[in-house]
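Residue numbers (the numbering used here), protein chains in the order written: chain A, 23 to 450; chain B, 23 to 450. Idealized CB from N, CA, C, for every residue including glycine. Only a predicted model underlies this, so the values are computations on that prediction, with no experimental measurement involved. Report on the structure given below.
Number of protein chains: 2
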Amino acid sequence: MKIEKMTVDAVRNLLSEWDQGEATSHQAIETQVSEMLQKIKIEGDTAIRSYTETYDHVTLADFRVSEAEIDAAYQSVEPAFIQAMTHAKRNITSYHEQQKRHNYMDANEPGIIRGQLIRPIAAVGVYVPGGTAAYPSSVLMNVLPAKIAGVPRITMVTPPSETGVNPYILAAAKIAGVTEVYQVGGVQAIAALAYGTESITAVDKIVGPGNVYVATAKKQVFGQVGIDMIAGPSEVVVVADACANPRFIAADLLSQAEHDQRSRAILVTPSLQQATAVAAEVEKQLRDLPREAIAREAIATYGTAIVVNSLAEAFEVVNVIAPEHLEVQVTDAMSHLAAIHNAGSIFLGAYASEPLGDYLAGPNHVLPTSGTARFFSGLNVDDFCKKSSFISYTKDALKRDMNDVIYLAEKEGLDAHARAIKIRFEEE
Amino acid sequence: MKIEKMTVDAVRNLLSEWDQGEATSHQAIETQVSEMLQKIKIEGDTAIRSYTETYDHVTLADFRVSEAEIDAAYQSVEPAFIQAMTHAKRNITSYHEQQKRHNYMDANEPGIIRGQLIRPIAAVGVYVPGGTAAYPSSVLMNVLPAKIAGVPRITMVTPPSETGVNPYILAAAKIAGVTEVYQVGGVQAIAALAYGTESITAVDKIVGPGNVYVATAKKQVFGQVGIDMIAGPSEVVVVADACANPRFIAADLLSQAEHDQRSRAILVTPSLQQATAVAAEVEKQLRDLPREAIAREAIATYGTAIVVNSLAEAFEVVNVIAPEHLEVQVTDAMSHLAAIHNAGSIFLGAYASEPLGDYLAGPNHVLPTSGTARFFSGLNVDDFCKKSSFISYTKDALKRDMNDVIYLAEKEGLDAHARAIKIRFEEE
C-alpha cells in the first residue's frame with residue numbers, strides 16, 4: 023500500500039489519472055451489445071435461446087423457473103441461511119420504510135388545487151448475476167425497496183447454468199417475495215426486460231448489478247425503460263485519526279479489495295504514523311486471505327494511504343473522491359457529518375464496519391461508485407416510484423391568472439397556447 | 023384529425039407502430055457527437071471556439087456573459103414581462119417548496135443509529151435553447167427547483183448569436199437568480215459542462231431541453247455526470263365525456279400541436295359525438311393559427327380521436343400511452359385521479375387548460391415524454407439532491423448482530439468481509 027502526502031488538488035489529479043487509465047474504449051462491446059439488442063427486439067425468444075446456447079452453454083425449453091422449483095430451493099438451504107436472511111430482511115425493511123412518501127396537495131387560493139401524486143412503477147425487472155458472483159444479499163437489497171414502494175410486478179432474471187439456478191438465489195427470491203423468475207442472463211436478459219418477448223413481458227425499469235455487457239446494455243436501453251445507475255467496481259475510503267485501530271482499518275480496506283482487482287481501498291488520515299501502521303497491517307492481513315490474489319492486485323494498483331494536514335482536509339478529500347463507502351474512524355465520528363457532502367453510505371465509528379452495511383444494518387448496499395455519489399444516490403424507495411403533478415382551476419381562478427399566461431405565451435410566439443386560454447372566455 | 027373506435031390493445035399496437043416510425047437510426051449523429059465530445063474533452067476551449075464558429079457562425083473572445091450584460095437585459099425588457107415572470111416564479115416556488123425533504127434518523131435499538139442525509143448537488147448546469155425556440159419560462163422551470171434544493175452553483179449555457187443572447191432569456195436568468203451564464207450551445211455546451219474547460223468548470227448534473235444533438239450528447243455523458251431525462255416531442259391526451267366543450271378541447275390539442283410536427287395530440291372519449299365535434303373544431307381552429315403549418319402536420323400525422331366503450335376504458339388507454347400532459351375534461355374530474363397511473367402532469371376540469379401549466383400554475387413543465395411517464399417524473403427538487411445513508415454501531419450492538427453478518431459473508435465466499443467483523447472481537 024502506497025503512503026503519500028497529498029494536497030486536495032493532488033488527489034484530484036490522481037483521480038483523473040486513474041479515470042483515464044480505466045477509460046479504455048468499449049467501442050467493440052458497445053457495437054456487439056447494440057447488435058444483440060436489435061436482434062432480440064426483432065426475433066424475441068428465438069434469439070434469446072440462441073444466445074443462451076452460445077454464451078451460457080445451456081439449452082432451455084422454458085426460461086421460467088417454476089414456483090415449485092423456488093419452493094424446493096427454499097426447502098433445500100440451511101435454516102441458518104433463512105434465519106440470517108430474515109434478520110437482514112427485517113432491518114432492510116424497517117430502514118427503507120422511512121423513505122415512503124406522501125402525496126401532497128395545496129388548496130390555499132380560491133378555486134385552485136395543486137398537488138403531486140406518488141405512484142409505484144408498474145413493473146420492475148431485477149438483474150441478479152450468477153456463477154461465482156451470486157450474492158443472495160443483493161436480491162433483498164434490490165427487491166425489498168420495490169416491494170415497499172408497492173410495485174405490483176417484480177421480475178427477476180439470472181443466468182442459467184447446467185446445474186440450474188443457485189438455490190440460495192432462489193431462496194432469497196422466496197424470502198423477498200418474488201415469484202416471477204427467469205433463467206436468462208447477460209444482454210439477453212436486459213433485452214427481454216426492455217422490449218418483451220413471447221415468454222417475458224417487458225418491464226418499465228431495470229435494476230441490479232452486472233458485468234460490463236449488462237451495464238452497457240442497460241445504458242443502451244435507458245430511455246426505453248428506466249435504469250437504476252451505472253455501477254463500477256466497489257470502493258471504500260476510510261478517514262482515520264491517530265486514535266483509530268489500524269487492524270480494524272486494514273481489515274475493512276481488504277473487505278473492499280477482495281471484490282475486484284479494480285476495487286479502490288483508500289485511507290485518508292492526518293497521521294503519518296496511522297498511515298504507516300495501516301499499510302503494515304494490510305500487508306500482514308493480505309497473506310492468509312482466500313481471495314488474496316484479487317485483493318493484492320487491487321491494493322497494488324489503487325491502495326493508497328493519503329496523508330493530509332488536518333481532519334478538515336481529510337473531509338475535503340472525501341468530497342472530491344465521492345466514495346461509494348465512507349468509514350469515519352475518528353473520535354466522536356457523528357460530529358463530522360456536516361463536513362460530508364459526497365458519499366454513498368457513511369459508517370461512523372470503530373464498530374460500524376463496512377460489511378455490516380453489506381448485509382444487515384438496513385441501508386441499501388447498491389450504491390453509486392466511481393465518484394458518481396456527486397449526483398447519484400444509493401438504491402431507495404424513490405427509485406421505484408414516479409410522480410405526477412396535478413392542477414384544478416375554476417373559471418374564476420383562471421380569469422384571475424389568464425392575462426399573465428396569455429402574455430407569456432405570446433411573448434414566446436406560441437399563439438395557440440394563448441388562444442387555449444382566451445377561447446374559454448369568448449362567446450361561441 | 024382521424025376518428026377511430028379502438029380497444030386498449032389496438033391503442034398499444036398503434037403506439038408501437040408510431041414508435042417504429044420514429045426509431046430512425048441516429049447512428050451518424052451518435053458518432054458525430056461522440057467525436058465532438060472527445061475532441062472537446064482533450065482540447066477544451068480551443069475546440070469549443072472552433073465548433074462555435076462552425077455551427078453558430080459566431081467568433082467569441084469570451085464565453086462568459088457578464089453580470090453587467092445580464093443587468094442590462096433585465097433593464098431592457100418590458101415591465102409586463104418582469105411582472106408576469108415574477109408571478110410565475112412565486113407559484114413555481116410555492117409548489118416546489120413542498121417537495122423539500124428532511125433527513126431521517128432512527129435510534130430505536132440500543133447502540134444503533136441509522137439514517138439518511140439529503141444534500142443538494144454541488145453544481146448543476148442548465149441548458150437553455152436559443153434561436154426561435156427560446157423559452158424564458160423554461161429558465162424558471164429548470165432553475166427554481168435547483169435553487170429550492172439549495173444547489174450552491176447553477177450555471178446556464180445557451181447558444182450564442184451575432185446579436186448576443188436573447189434579452190428575455192437573460193432577464194429570466196436574473197429573475198431566477200442565476201449569475202453564471204455562458205454563450206455556448208449544442209454539443210459544445212454539454213461537453214464543457216461534463217468535462218470542464220479552461221474557462222468553464224465542470225458540473226455534477228446537466229438539465230434542460232435541447233435538440234437531437236444536445237439530447238444525444240446528454241445521453242453519452244450520462245454516468246460521467248447526472249442528467250434529467252431524455253425528452254422527445256411534446257404531447258397531450260385529453261379524456262372527455264359527452265358534456266365537455268369541444269372548442270376548449272380543440273384549442274388545447276392545438277396548443278401542443280403547434281410545438282413540433284412530431285407532437286402528439288390525442289382525444290380519448292366514450293362519446294362518438296364528442297369525437298366528431300372536436301375533429302370539426304380542430305379543423306376550424308387550425309385555419310387562423312400563425313403556426314398552422316406545424317400544427318397541421320402534427321395533427322395529420324398523429325392527431326387522433328380514440329373512441330372507447332367507457333370512461334374506465336379511456337383511463338386504461340391513458341395508462342398505456344403514459345402521456346406527458348393529461349387533461350381530464352369530464353364531470354367531477356378529480357374523482358378519477360385513482361384511475362390515473364401514468365401521466366407527467368394532470369389537468370383536471372374544463373378550466374385547467376394545459377398552457378396554464380406551461381407558465382403559471384406552479385408544477386414543472388419539464389415532463390417525461392414518449393411514454394416515459396411510466397418510470398420518469400417531471401423535473402422536481404429531488405432531481406437536484408442526492409442521499410447518503412449512515413450507520414453507527416457500538417461494540418455491543420455489533421456483537422449482537424455479528425453472527426449473521428459473518429454467516430452471510432462466508433456463504434457468499436467473501437472471507438475478508440467476515441474477517442472485518444471477527445477482528446473487532448479478537449485479541450491482538
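When the options are compared against residue i, the one with the closest alpha-carbon
i                     : options                       : result
residue 196 (chain B) : B:284, B:176, B:184 and B:208 : B:176
residue 286 (chain A) : A:144, A:399, A:114 and A:260 : A:260
residue 187 (chain B) : B:198, B:37 and B:151         : B:151
residue 257 (chain A) : A:251, A:280 and A:28         : A:280
residue 93 (chain B)  : B:199, B:32, B:144 and B:430  : B:199
residue 209 (chain B) : B:33, B:433, B:450 and B:74   : B:74
residue 338 (chain A) : A:368, A:249, A:31 and A:301  : A:31
residue 111 (chain B) : B:203, B:381 and B:433        : B:381
residue 269 (chain B) : A:80, A:62 and A:448          : A:448
residue 235 (chain A) : A:57, A:37 and A:360          : A:57
residue 179 (chain A) : A:142, A:370, A:133 and A:229 : A:229
residue 50 (chain B)  : B:131, B:28, B:238 and B:137  : B:238
residue 439 (chain B) : B:431, B:416 and B:96         : B:431
residue 323 (chain B) : B:191, B:284 and B:219        : B:284
residue 206 (chain A) : A:361, A:72, A:314 and A:119  : A:72
residue 88 (chain B)  : B:295, B:119 and B:202        : B:202
residue 359 (chain B) : A:125, A:334 and A:294        : A:125
residue 362 (chain B) : B:333, B:379, B:387 and B:383 : B:333
residue 408 (chain B) : B:84, B:370, B:388 and B:123  : B:123
residue 139 (chain B) : A:356, A:437 and A:436        : A:356
C-beta contact flag for residue i and residue j at 7 Å
i                     : j                     : result
residue 121 (chain B) : residue 352 (chain B) : no
residue 400 (chain A) : residue 411 (chain B) : yes
residue 398 (chain A) : residue 163 (chain A) : no
residue 23 (chain A)  : residue 325 (chain A) : yes
residue 367 (chain A) : residue 385 (chain A) : yes
residue 441 (chain B) : residue 273 (chain A) : yes
residue 99 (chain B)  : residue 189 (chain B) : yes
residue 133 (chain B) : residue 423 (chain B) : no
residue 15 (chain A)  : residue 429 (chain B) : Past the edges of chain A, shown from 23 to 450, lies residue 15 (chain A), and the structure says nothing about it.
residue 222 (chain A) : residue 214 (chain A) : yes
residue 25 (chain B)  : residue 297 (chain B) : yes
residue 232 (chain A) : residue 149 (chain A) : yes
residue 95 (chain B)  : residue 192 (chain B) : yes
residue 86 (chain A)  : residue 413 (chain A) : no
residue 328 (chain A) : residue 290 (chain A) : yes
Cβ shell of residue i (< 6 Å), same chain only, five flanking positions each side left out
i                     : result
residue 364 (chain A) : 341, 344, 395 and 396
residue 145 (chain B) : 175, 225 and 226
residue 216 (chain B) : 243, 246 and 247
residue 377 (chain B) : 277
residue 159 (chain B) : 381
Cβ-based neighbour list, residue i, same chain, cut-off 8 Å, excluding 5 preceding and 5 following
i                     : result
residue 267 (chain B) : 351 and 372
residue 276 (chain B) : 287, 304, 307, 308, 311, 317 and 321
residue 79 (chain B)  : 184
residue 131 (chain B) : 419
Contacts around residue i, its chain only, beta-carbon distance under 7 Å, and the 5 residues preceding and following it disregarded
i                     : result
residue 392 (chain A) : 254
residue 81 (chain B)  : 75
residue 406 (chain B) : 142, 143, 146, 167, 168, 171 and 173
residue 69 (chain A)  : 61 and 62
Closer than 7 Å to chain D by CB, residue i
i                    : result
residue 87 (chain A) : In the structure shown, chain D cannot be found, because the protein chains are A and B.
Opening and closing residue of the beta strand (DSSP E) in which residue i lies
i                     : result
residue 142 (chain B) : 134 to 142
residue 326 (chain A) : 326 to 329
residue 357 (chain A) : It is not in any beta strand (DSSP E) - residue 357 (chain A) carries neither H nor E in the DSSP assignment.
residue 447 (chain B) : From DSSP, residue 447 (chain B) is part of no beta strand (DSSP E); its letter is neither H nor E.
Endpoints, alpha helix (DSSP H) assigned at residue i
i                     : result
residue 295 (chain B) : 294 to 308
residue 159 (chain A) : 158 to 171
residue 196 (chain A) : 189 to 198
residue 337 (chain B) : 333 to 343
Whole beta strand (DSSP E) elements within the region 209 to 270 of chain B, 3-residue minimum: 227 to 229 and 257 to 262
Any alpha helix (DSSP H) of 4 or more consecutive residues that is wholly inside the region 34 to 115 of chain B: 49 to 65, 67 to 78 and 89 to 98
Unbroken stretches of the beta strand (DSSP E), 3 residues or longer, contained in the region 382 to 437 of chain B: 407 to 415
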